[in-house]
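First comes the structure, then the notes that go with it.
There are 4 protein chains.
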Amino acid sequence: MALLDMLRSPLAFLESRLPTIPHLPVLRAEQEWWKTDGVRISDAIDRAGTPWLRMFDPSGRRTDEILYPPEYQTMLRQGYRSGVVWRALEENSLLPTYLLMYLVSFYDPGVCCPYTVSLGTAVSLAKYGGVESQARFLPPLLRKDNSVWQGATWMTEIGGGSDLGASVRTIARPSSDSWLLTGDKYFASNATAELAVVAARPEGAPPGVRGLALFLVPRYRDDGSLNRFIRRLKDKIGTRSVPTGEIELRDSEAYLLGRADSGIYLILEVLNLSRVANSVASVALAQRALADALAYAECRTAFGKRIIDHALLRHQFEVRLESLRSAFALAWESVRLLDEVGMERPPYSERYHVFRLVAHLAKYWTAEFAVSSAKWAMEVHGGLGVLGEYEAERWLREAMILAIWEGTSHRQILDGLEVMERKQAHKTLFAQLAGIARTEELQELESDVQRLLNLRPDHKEAEAEAVFRRLAILSGDHLSRKYLQ
Amino acid sequence: MALLDMLRSPLAFLESRLPTIPHLPVLRAEQEWWKTDGVRISDAIDRAGTPWLRMFDPSGRRTDEILYPPEYQTMLRQGYRSGVVWRALEENSLLPTYLLMYLVSFYDPGVCCPYTVSLGTAVSLAKYGGVESQARFLPPLLRKDNSVWQGATWMTEIGGGSDLGASVRTIARPSSDSWLLTGDKYFASNATAELAVVAARPEGAPPGVRGLALFLVPRYRDDGSLNRFIRRLKDKIGTRSVPTGEIELRDSEAYLLGRADSGIYLILEVLNLSRVANSVASVALAQRALADALAYAECRTAFGKRIIDHALLRHQFEVRLESLRSAFALAWESVRLLDEVGMERPPYSERYHVFRLVAHLAKYWTAEFAVSSAKWAMEVHGGLGVLGEYEAERWLREAMILAIWEGTSHRQILDGLEVMERKQAHKTLFAQLAGIARTEELQELESDVQRLLNLRPDHKEAEAEAVFRRLAILSGDHLSRKYLQ
Amino acid sequence: MALLDMLRSPLAFLESRLPTIPHLPVLRAEQEWWKTDGVRISDAIDRAGTPWLRMFDPSGRRTDEILYPPEYQTMLRQGYRSGVVWRALEENSLLPTYLLMYLVSFYDPGVCCPYTVSLGTAVSLAKYGGVESQARFLPPLLRKDNSVWQGATWMTEIGGGSDLGASVRTIARPSSDSWLLTGDKYFASNATAELAVVAARPEGAPPGVRGLALFLVPRYRDDGSLNRFIRRLKDKIGTRSVPTGEIELRDSEAYLLGRADSGIYLILEVLNLSRVANSVASVALAQRALADALAYAECRTAFGKRIIDHALLRHQFEVRLESLRSAFALAWESVRLLDEVGMERPPYSERYHVFRLVAHLAKYWTAEFAVSSAKWAMEVHGGLGVLGEYEAERWLREAMILAIWEGTSHRQILDGLEVMERKQAHKTLFAQLAGIARTEELQELESDVQRLLNLRPDHKEAEAEAVFRRLAILSGDHLSRKYLQ
Amino acid sequence: MALLDMLRSPLAFLESRLPTIPHLPVLRAEQEWWKTDGVRISDAIDRAGTPWLRMFDPSGRRTDEILYPPEYQTMLRQGYRSGVVWRALEENSLLPTYLLMYLVSFYDPGVCCPYTVSLGTAVSLAKYGGVESQARFLPPLLRKDNSVWQGATWMTEIGGGSDLGASVRTIARPSSDSWLLTGDKYFASNATAELAVVAARPEGAPPGVRGLALFLVPRYRDDGSLNRFIRRLKDKIGTRSVPTGEIELRDSEAYLLGRADSGIYLILEVLNLSRVANSVASVALAQRALADALAYAECRTAFGKRIIDHALLRHQFEVRLESLRSAFALAWESVRLLDEVGMERPPYSERYHVFRLVAHLAKYWTAEFAVSSAKWAMEVHGGLGVLGEYEAERWLREAMILAIWEGTSHRQILDGLEVMERKQAHKTLFAQLAGIARTEELQELESDVQRLLNLRPDHKEAEAEAVFRRLAILSGDHLSRKYLQ
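Protein chains in written order, with my numbering: chain A, 2 to 486; chain W, 2 to 486; chain F, 2 to 486; chain H, 2 to 486.
Rendered as structure tokens:
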């Protein structure tokens, strides 16, 4: 298979990296759909910009309808039908889900977000929901046709998304057989989801993260009226295939997930699913950027030869291709580990902490790589790279969102530092990497990590990034070798 | 002066870096205008997106009018009046021009483009124009009021902007007392300029760069009708304060600059002016991104303190601030050198070749730095960074254009390589840097450059980027020290 | 003066219709400003579409800032400075106000709306405000510089604007020294006004219009925070120079105007001011449409002559010109009468009821005329008439809003019917018209009106429009003759 | 069937007016498709505004691709497959075509335009094309699947669309076995059509309409390159489902239709097809506006009852409903007559001239009625009527285009006058109407027409509109009675 053909097919790349791939026919059909229909729908959705929100129907009833073109639904439902959510629960494995996400994200990383938050909702419900909640809400979330419900995971408020302990001010008051939530969510992806998982603070709970609980909030009240309101949709620079809004909860009917005093664990578990999805999507996006750049460089000539045949560009491309494989290995390691530990509950195993470390490394590094690859692909396109009518600039807009949501690099580095410090997760990781190939570089890095952890707090934070980056890259390189075996 | 105050003022930064600054009152007034009026106008122009082109007036006459809001003219004319073009010729120095450009680009790097191409037009005309052309066109280009003419420099055609020898297909046919040009220009900045400098190929000229000549093309024919047509405006992701169009030349009246067989030198001299301007603008944009990030980080809190007081962010910021100073030093060195050699004609001096090398290093590195700083500033803003309604995302859009127009990094690296190889320009540069501070790092780099130049062509190109980047950074660091003295 | 010159100048038209015009130099300066600056600003504002609403500043504080281009403020403040509001109170006459409104509406009927609602706010306050409210709020509303406050008049809720008795659900609860309002306003023009006049229902008040009261609601609370919120701006097809939003009142501090049980009278008085303004604006807009059509028809040729010289078009134009004069006479009669009775309070005089009838006739007929003239002007422009890049289509978009807000034709007809039925206002009107010219047509119409009023209710309503239209037209024709004398 | 149900179904309305309807199952399926899929697609296309034109593919090849969302093609192809074009030629009857057009225009009058111009192309080709042209181009135009070619009819140039004799400046030069056309078309609907019918002036032909010829111009040259260029798409206020552009012909390969000296007849015959289509679309649009207004008026309450139950609104609605029936009768009469005379060639029969008169009356009056109905429906919607997020305002935008393209009211009146004067077409029409019902009104109108025709030219034109309008209305009323029989 020619390199360009491989790069242009997310499935071919997956096949080149993974020894076995479950549900190949499903993935083939999915990719075929994207090539024939999805690509052009996705382009049109991106070009159309932020859709309109029609708050009231003509009779004056509040309805909060988002005016996407109808083909948006076609595109969106495609992945649900293929099993991006229902397979995870039915087959008790996250692998089919993240394989589908890789494939979809190659074509549209934004539409991966609804899938991710629906997954987070379904998994939270399956793991922590009460019997009644499960009976009522799980079946519609797992439907295999277009009537499937969507989920959403709304944590962030105006105060910011990192320090939830301080910024979540949504209050939950117990009601007869449920809870009533009041507050505003500021970045609420998949704003029309039928069921959302929402962080709130039960009345009287202590301040900080210890006082957080997680709730299910359906779109409609039992009486059929809206149970929450979209204040507006946000004009994001990318991922226009997921509607992100500000949500108003006003005595919204809600159902507790798990225990009211341990919501923070549930929140972090939801975030784990998202970060892994973000890593997978970032690598897929980087593959897309490289594929487009290569296609362009193969058809454009300058100074008498195709620009891909100029040594500088060729070299840059080859280095990036190698990095793509490493980035994929790192992301997929986070998938594999999550698949192992995803059903754990606190207190977590040592393996879980390794997963956390790898997930932070992957979220951080794959997003960086996606951004730099999208930037590079724009430059390869020259002047065309900055024109809205061509696609090159889109991937940078998409990549920048992947680098920011689910926690910026700062968050990943600091949280990664913490799990190394408190849980010594790096030791297990280094042991594992050494099993792949024992190198001098690895030993040196291990010393550097140890040295870093011994610094006093401020210095430790200040110096963390360089070490963290090297750890991500080296882990990716080593893991990449493992996948090749 | 508090750091934030300094960063928020391009003039304060200039004052902190340069021992003397000519025309301080002019610059102060310029900055004051931007702070009170310009900032909000520039925001509005960017938000408005690509303006409409009204090709015909209601009576059916072709007019090619661009429908900018009226305040666009206010913003645009401000810089001309302050002297961004006329001072260069009247005072025989480029320093006031580039100082003004730094200042303007801090607020709007796009509007710097009309100034740059007007400068290129005026300088070409002054240097190479015939007596009649000068008499007719120089005075309006140098007016000090709002009636000033604008210039433009149009080289690129659909085949691309790098390999002009192959891609310029516009034909020039001699007419009675002038020339007639026919062809299409694909990226034509400042599309309504009263006078453009245009690359074309005289009928019968040899292929390749040797067959190129440079012409003046006024907007209107002698009979008052349009002398060239705007086919359309391009939807760029940034720099919306300069209208970039596709231009149709159809027997357009034109006047030769210099000799018909040496146009390539004139073209490259025009490009020199632009690349230096691009470097200056890139550094200013990076300053802006850092200023905005710092302002945000000082007012936002997480985990009980301002986010700027978190050690990781603080460290990243400080490293960037140091790089800003280096990048400025590199850019300003290219200004200083251009100011010395700008009136040379072929054959050029050794000093001219050093200028060329520094200009390539500066164009390359300052744009990279602008992009990475804008990306970083977006991340500091978290979720707000990806929303159209705030400014953070704008700087990345602007920076990506700076990285691409006037030649992408590939162009700079390869041309830089050539001037080192053919003219040994690096030797003079190293000598100069050693004069500032003789370091081991410098010596090591000098060997690496030499080793690179000895490689066989393909390897040389492939390996060039890493060496070129280090050369840019180290040069900047050294020069930064020099400016501090 | 050539006809086209007269039509292109709202002031020239006013001078041709009115024997004396106060403050001519002020009006001349105003018109001059519009010709040189305002026209192009207004075009740019219309082209830009609905502006963005930035709800939060970067630090997360709710600010509800509307992102108009800065020149919008220049345009907006121009009229306030000229005295569109302050003169009404200082000079104790509405004539200067409505003259200015005519002039402004010729160029931009949308910007007339902020002036109208600011006038409504100032007049209500001056007439019904408590001593403290007047001392605090009147001076800023009457400032003569750019720091002037704006007013707003918010009545309509989601249930509709006609039947306020049923649809106003905003509740007012008494607080220590003021009131607290909670509810949602659905069409809230001039959404950022510093002071709004708001219809609400005091707790415990009876249902229907008898339970309505009118309140002053400042933009900011005494503690400096926002006192009301803009939920969003509405994407209107026209009048983009006034921001119309949905407003949320949440325990918003408010001050009662007049008595709590007679709000409906105050509301109707505010509406009177608006309807008269709407009539004046409609005529001005019709003049503009005719002026543009004539200008086009004078420069375009078909079949060997200017299209204005084709008899069909010429005839249509002349008929419209005559109607313009009649429509103006009707509108100005409503101004003149309002100027007489505007300070009355209930119980109102017979003269007041004549004013009401004339105001309904004028609001109805001038808007119809504006719409049909704008439609006609589009058709005169042929294909250019439907292109966004030319202005012809704008006037129809503007006119359609004038026909709808302040009550559609249905409202005017039915309310006009009521004031004829209950107050016999038509008798006085007919007497007055007879004083101008006693015609058979007039007598016949008088009989028809009487016959209409004698029908049983359903038939009366059903048949009302034809009679009402004839009454409007005939009144206009007669009054036009009077103005010519 | 409830009135609202009937009004909401174009097919139900057709069934209520016409005794027999061919291909009912086809029409039912078409309507069903529109109700389930088409409505929402059409809304999305309208909301998206003018699509982008991508002139060049990334490799720099000129391609002139219009970036519609993919579902646009779904919507567009639906009608072709149902037979809006192929049935006309295969079944030798225009009735199925215009029935389909009525149905489609109820949902989207814009998409009716591609069908109309494709019909015009196919009919011209079938009637006047050479053997080779027919063999080559007819089959693809008549395909029954999605690969069907589209046609287009391009006459208008920058000088205007009425006086083609003066404004068509496109030159045709004979080539070896075809012609080469050079010129610019200013309003070119269906800009990407595979085959266009184009008016041009053979070199050396006399001035005026006598020098016009009609040509076929394929999209691609024989060598596969573009045969004509889209300079840009026009931002129309409506009918966004047909891309209207400016077209550049540059030595474009072309094939003559009919004789080179009788193009004007062919042009007028094409126009006949369009005007009849425009009439049918206008009535369908009026029905849509009434249906939407009724639906709203049935669900909205004011003053204690549904607003449709208020006598004034109810009365207006009923009058409009009656007019809808008359307007339909007039439009359908033009269809019926065209179906009879459509294959005639000059010299034409008397029946043909009656058709022309009826077609002018219908184009004029149905468009007037569509505009006034759309305006009325907006007013019924009150404030919602002026908001972009609801549909009411769309119908006015669409209607205004129907009133302007294919000739404004002026054109219809003057051309109608001519056919009465020169061909006495009104006499046959009056005779026919008298056959339906002999009324005093009719006799009076006949005298008025005769009186009008006897006036001297200028007076005749000036007075024509009132008589023409009465003739249109009365004809519609009478014909409506006939259809009811």
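A virtual CB, placed ideally from N, CA and C, is assigned to each residue, including glycine. No experiment lies behind these values; they were computed from the predicted model shown.
Query, Result
"Neighbour-count burial assignment, residue 133 of chain A, 16 or more Cβ in a 10 Å radius", "exposed"
"Residues of its chain near residue 329 of chain H, where Cβ-Cβ distance is below 7 Å and the 5 sequence neighbours each way are ignored", "18 and 284"
"Cα-Cα separation, residue 322 of chain F to residue 396 of chain H", "28 Å"
"Unbroken alpha helix (DSSP H) run spanning residue 145 of chain W, endpoints", "Unbroken run through residue 145 of chain W: none, as it is neither H nor E."
"Proximity winner among F:401, F:357, F:15 and F:130, relative to residue 217 of chain F (alpha-carbon distances)", "F:130"
"CB of residue 294 of chain H within 9 Å of CB of residue 404 of chain H, strictly", "no"
"Beta-carbon proximity list for residue 51 of chain H, same chain, < 6 Å, skipping 5 on both sides", "234 and 236"
"Three CB pairs or more closer than 8 Å across the region 99-112 of chain F and the region 272-288 of chain F", "yes"
"Residues of the region 37-68 of chain A whose Cβ lies closer than 7 Å to any Cβ of chain F, in chain order", "57 and 61"
"Distance cut-off 8 Å: residue 178 of chain W Cβ against heavy atoms of the ligand MN", "The ligand content of the structure shown is nil, which means the ligand MN is not present either."
"Inter-stretch contact (C-beta, 8 Å, three-pair minimum) for the region 378-391 of chain W and the region 401-420 of chain W", "no"
"Pick from H:250, H:232 and H:94 that is closest to residue 66 of chain H, judged by C-alpha positions", "H:232"
"Cβ-Cβ separation, residue 430 of chain W to residue 476 of chain W (assumed contact under 8 Å), whole Å", "7 Å"
"Residues that residue 246 of chain W bridges to, as DSSP identifies them", "W:189 and W:234"
"Nearest residue (CA-CA) to residue 215 of chain F, options F:223, F:206, F:286 and F:292", "F:206"
"Neighbour flag for residue 233 of chain H against chain W, beta carbons, 9 Å", "yes"
"Proximal residues to residue 370 of chain W (C-beta, below 8 Å), its chain only, five neighbours per side dropped", "283, 284, 287, 324, 325 and 328"
"Partner residues on chain W for residue 427 of chain A, Cβ-Cβ distance less than 8 Å", "The premise fails here: residue 427 of chain A is roughly 18 Å from chain W at the closest Cβ pair, so nothing lies under 8 Å."
"Within chain H, the residues that residue 108 of chain A reaches when beta carbons sit closer than 7 Å", "Result: empty, since nearest Cβ-Cβ is about 14 Å, beyond 7 Å."
"Residues, ordered as in the chain, of the region 444-465 of chain H that lie near chain F by beta-carbon distance below 7 Å", "459, 462, 463 and 465"
"Alpha-carbon spacing of residue 277 of chain F relative to residue 111 of chain F, whole angstroms", "15 Å"
"Option nearest residue 86 of chain F by Cα separation, candidates F:32, F:436 and F:141", "F:141"
"The region 62-80 of chain A / the region 107-121 of chain A touching (three or more Cβ pairs under 8 Å)", "yes"
"Residues near residue 267 of chain A in its chain [Cβ-Cβ closer than 7 Å; skip 5 each side]", "125, 129, 215, 258 and 259"
"Inter-residue spacing [alpha-carbon to alpha-carbon] between residue 122 of chain A and residue 271 of chain A", "8 Å"
"Pick from W:192, W:175 and W:179 that is closest to residue 151 of chain W, judged by C-alpha positions", "W:192"
"Span of the alpha helix (DSSP H) around residue 155 of chain A", "It is not in any alpha helix (DSSP H) - residue 155 of chain A instead sits in the beta strand (DSSP E) that spans 152-155."
"Option in W:459, W:440, W:367 and W:399 with minimal Cα separation from residue 473 of chain W", "W:367"
"Residues that residue 394 of chain A contacts on chain W, provided the C-beta gap is smaller than 7 Å", "238"
"Where the alpha helix (DSSP H) containing residue 399 of chain A begins and where it ends", "393-405"
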